[in-house]
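Asks:
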Amino acid sequence: MDLMPVGHGIVERIGERLLDRGLIPREERHDAFILAEAAFSGCSILLSSDQHLRAVDHERAALELKASDVDMPVIATPREIVRKFFPR
23 MDLMPVGHGI VERIGERLLD RGLIPREERH DAFILAEAAF SGCSILLSSD QHLRAVDHER
83 AALELKASDV DMPVIATPRE IVRKFFPR
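Note that this note's numbering gives residue 75 to position 53 of the sequence shown, counting from 1, and the numbers run on in steps of one.
#1: Using a Cβ-Cβ cut-off of 6 Å (strictly less than) and excluding sequence neighbours within five positions of alanine 54, which residues of its own chain qualify?
#2: For glutamate 86, which residues of its own chain have a beta-carbon under 7 Å away from its beta-carbon, when the five flanking residues on both sides are left out?
#3: Mind checking who isoleucine 103 pairs with in its DSSP beta bridge?
#4: Valine 78: which of Ala98, Ile103, Val33 sits nearest, CA to CA?
#5: Tell me which residue opens and which closes the alpha helix (DSSP H) that isoleucine 56 is part of.
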């Protein structure tokens, strides 16, 4: 997805907020921007096996994202989705 320039700035600001609050380690800056972009884009689910994204405190992140007028997506691994919705 390609955001308009103003969208890039908003995503960067949201990502920096997540980093500043310690929700994602500073060295995992790209993970913060991935989460920020998913939230800004209105995604309800973010599929990822990345441990830093999976370890995010959902409640705290939801509050921080809500302060930026975006909603926290559910973060799940592809395996979790398959197990939940396509049981054997």
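For each residue, glycine too, the CB sits at the ideal point set by N, CA and C. This one's a predicted model, so the numbers in the text were calculated from it and none came from an experiment.
Replies: Let me lay it out:
#1: Sequence index remark: in the sequence shown, residue 54 carries index 32 (1-based). Residues of the same chain with a CB within less than 6 Å of the CB of alanine 54, apart from the 5 flanking positions on each side, are Gly37, Leu40, Leu41, Ile46 in chain order.
#2: Within the sequence shown, residue 86 is the residue found at index 64, counting from 1. Residues of the same chain with a CB within less than 7 Å of the CB of glutamate 86, apart from the 5 flanking positions on each side, are Arg39, Leu40, Arg43, Leu45 in chain order.
#3: Within the sequence shown, residue 103 is the residue found at index 81, counting from 1. Paired residue(s): none; isoleucine 103 is not in a bridge.
#4: Residue 78 sits at position 56 when you count from the first residue of the sequence shown. Considering only Ala98, Ile103, Val33, the residue with the shortest C-alpha distance to valine 78 is Ala98.
#5: Residue 56 sits at position 34 when you count from the first residue of the sequence shown. According to the DSSP assignment, isoleucine 56 belongs to the alpha helix (DSSP H) that extends over 51–62.
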